[in-house]
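*Asks:* Note that my numbering has the sequence shown beginning at 1063, numbered continuously upward.
Each residue gets a CB set at the ideal place from its N, CA and C atoms; glycine is no exception.
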Amino acid sequence: MLCTLLLAAGPVAAHSGGLNSEGCHTNRSTGEYHCHRGPARSAAPAPPAAQRFVPANAAPAGAAAGTRPFANCDAARAAGAAPVRRGDPGYGAHLDRDNDGVGCEPYRGR
């Protein structure tokens, strides 16, 4: 077992360090550039390529620009547009009971 440890430690002791962030360095005697470990991995994974970002002011699904207000909140929910904000296509004052600019809000009991 001692021989195994000594053999395993051999390649590690061959270099005095001096590796860059990618785990590579240049051999001073030969000028050869080589690596000992793979590149460092970032802490946060990259977002999936298929992820699609939608601007906050984009028209909700089922509502086209210049459309009339939804008849009621059931219609807005069925179109996937609820909650409807003031200025969004499909917004109407009759959908906003508390006049806070957001119609068809989910009920949050007190």
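(1) Check whether the Cβ of Ser1083 lies closer than 7 Å to any heavy atom of the ligand COA, and answer yes or no.
(2) Based on the DSSP secondary-structure assignment, which residues constitute the bridge partners of Thr1092?
(3) Could you give the C-beta distance for His1045 and Leu1081, rounded to a whole number, given that I count them as a contact under 8 Å?
(4) CB-CB under 6 Å to His1087, same chain, minus the five flanking residues each way: which ones, in chain order?
(5) How long is the line joining the alpha carbons of Tyr1153 and Gly1163, rounded to whole angstroms?
(6) Along the chain, where does the alpha helix (DSSP H) that runs through Asp1136 open and close?
*Replies:* Looking at the atomic coordinates:
(1) Within the structure as shown, the ligand COA is missing, as the structure has no ligands at all.
(2) Note: Thr1092 sits in no beta bridge, so no partner.
(3) With the chain running from 1063 to 1172 in the structure shown, residue 1045 is simply not present.
(4) Gly1080 and Leu1081
(5) 9 Å
(6) Cys1135 to Ala1140
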